[in-house]
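What follows is a set of notes on a single structure, which appears directly below.
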Amino acid sequence: MKVTVIGSGNLGKSIITGLASSDLFDPKNITVADKSEENLKIIQEQAGVTVTEDNVKAVKESKWVILCIQPRILNLVLNEIKDHLREDQVLISTVTGVTIEEINEVVPNNKVIRAMPNTAAVKQESMSFVCANDNEDEDVFFVEKMFGTIGKAIIIEERLMKAATVLGASGTAFFLRFLRAMTQGGVQMGFHPHEAQEIVGQVALGAAALIEDGTHTEVEVDNVTTPSGCTIEGLNELEHNGLSSSVIKGVMAAYAKISNIHD
Ligand SMILES: NC(=O)c1ccc[n+]([C@@H]2O[C@H](COP(=O)([O-])OP(=O)(O)OC[C@H]3O[C@@H](n4cnc5c(N)ncnc54)[C@H](OP(=O)(O)O)[C@@H]3O)[C@@H](O)[C@H]2O)c1
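For this note's numbering, add 4 to where a residue sits in the sequence shown, where the first one is 1.
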């Protein structure tokens, strides 16, 4: 099983590292192409994959071609590789906001599947979304399996891809900023910054584990909230300062932005 990844920047590196440590791909069967010599050197050392600066050579290697490049250079790369693709090859685009239809306008003879993972792919903890024109296609199930090796993956309708980008990809930054704020509180109470960050990270993992089986968040909040205790004092102060409202507004601002930038 061979896969080619074009683009080894922030997201590409995370996906490649995650896939290279999965059972599905041997690192030597992962070919990575990039224009950045520095990024190729890093990923070769980090993941033991094959690297090249030649996109055309890279796509000839594999059935699966994952595109991890910025939207502004997508057409440039598609035009570069399109005449070198066999019809059985599948393009997997992680490019934000570019539809399957738009990609097929440039590359009409290949199946296009969109995937929206996040940078936690490097720890095999990504939340990934997958969609195609036909979500019952066996290649879509394989791509779901592929991204399932680097975290959790679900198949969704393409109309939800923008919302998926905000919740699943931007969401990583939103949570990290919250963790940073918690850490600052921890330091103010007397912990060293590295201790506070470690504590806050573990507390976040624990909180996520508590709702993994579908338990409602508020059930677990109630379990921590002693009447008249310190937790409810803190929670109410957070809400008086607009925590929930601010988070919802942030999510919707990101959604408005992605909706305006792309199509
Ligand atoms: N970052 C995320 O969390 C995230 C999450 C979901 C989706 N996405 C999407 O994933 C895509 C990649 O994002 P990113 O953050 O990984 O971007 P990035 O860090 O800019 O990485 C893109 C890589 O592509 C290289 N590149 C530029 N021109 C190229 C060409 N002609 N052929 C081959 N490689 C080329 C870049 O090299 P240079 O640096 O030398 O230009 C860079 O190494 C974007 O479309 C983004 O919307 C990102």
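From the three backbone atoms N, C-alpha and C, an ideal C-beta is built for every residue, glycine too.
For residue j and residue i, the rounded distance between their alpha carbons
i           : j           : result
residue 79  : residue 108 : 11 angstroms
residue 81  : residue 112 : 15 angstroms
residue 260 : residue 245 : 23 angstroms
residue 267 : residue 258 : With a pLDDT of 46 at residue 267, under the threshold of 50, the modelled position of that residue is not reliable, and the figure given next carries that caveat. Residue 267 and residue 258: Cα-Cα distance of roughly 15 angstroms.
residue 165 : residue 99  : 11 angstroms
residue 222 : residue 102 : 37 angstroms
residue 12  : residue 54  : 12 angstroms
residue 218 : residue 147 : 25 angstroms
residue 254 : residue 6   : 39 angstroms
residue 211 : residue 204 : 10 angstroms
residue 199 : residue 231 : 29 angstroms
residue 33  : residue 104 : 26 angstroms
residue 177 : residue 123 : 10 angstroms
residue 249 : residue 256 : 11 angstroms
residue 131 : residue 121 : 6 angstroms
residue 251 : residue 175 : 10 angstroms
residue 195 : residue 216 : 29 angstroms
residue 226 : residue 179 : 21 angstroms
residue 71  : residue 119 : 10 angstroms
residue 236 : residue 202 : 24 angstroms
residue 143 : residue 25  : 22 angstroms
residue 30  : residue 228 : 44 angstroms
residue 35  : residue 264 : 34 angstroms
residue 271 : residue 114 : The structure shown does not extend to residue 271, since the chain spans only 5 to 267, so no value can be given for it.
Alpha helix (DSSP H) segment containing residue i, residue limits
i           : result
residue 248 : 247-265
residue 223 : 221-228
residue 4   : The structure shown does not extend to residue 4, since the chain is modelled only from 5 through 267, so no value can be given for it.
residue 124 : Element bounds for residue 124: n/a, residue is neither H nor E.
residue 43  : 41-51
residue 238 : 234-244
First through last residue of the beta strand (DSSP E) which encompasses residue i
i           : result
residue 72  : It is not in any beta strand (DSSP E) - residue 72 carries neither H nor E in the DSSP assignment.
residue 54  : 54-56
residue 63  : First-last for residue 63: 59-63, but that is the alpha helix (DSSP H), not the beta strand (DSSP E).
residue 37  : 34-37
residue 8   : 7-10
residue 18  : Here residue 18 belongs to no beta strand (DSSP E); instead the alpha helix (DSSP H) covers 14-24.
residue 268 : No answer is possible for residue 268: it lies beyond the span of the chain, which begins at 5 and ends at 267.
residue 130 : 130-135
C-beta atoms of residue i and residue j nearer than 8 angstroms
i           : j           : result
residue 8   : residue 51  : no
residue 96  : residue 63  : no
residue 84  : residue 60  : yes
residue 39  : residue 57  : yes
residue 208 : residue 247 : no
residue 94  : residue 67  : yes
residue 73  : residue 10  : yes
Legend entry - 3 or more residues per run - each beta strand (DSSP E) lying fully within the region 153-181: 155-159
Legend entry - Any beta strand (DSSP E) of 3 or more consecutive residues that is wholly inside the region 74-116: DSSP runs (the beta strand (DSSP E)) wholly in the region 74-116: 94-97.
Legend entry - the region 120-139 contacting the region 152-164, beta-carbon criterion three pairs below 8 angstroms: Between the region 120-139 and the region 152-164, the count of C-beta pairs closer than 8 angstroms reaches three or more; the two stretches touch.
Legend entry - Three CB pairs or more closer than 8 angstroms across the region 38-56 and the region 166-178: The region 38-56 is not in contact with the region 166-178.
Legend entry - At least 3 beta-carbon pairs within less than 8 angstroms: the region 122-131 vs the region 10-22: yes
Inset, instruction - Please determine if the region 174-188 and the region 147-155 are in contact, where contact requires at least 3 C-beta pairs separated by less than 8 angstroms. - result: no
Inset, instruction - Answer yes if the region 240-251 comes into contact with the region 142-152, meaning at least three C-beta pairs across the two stretches below 8 angstroms, and no otherwise. - result: No: fewer than three Cβ pairs fall under 8 angstroms.
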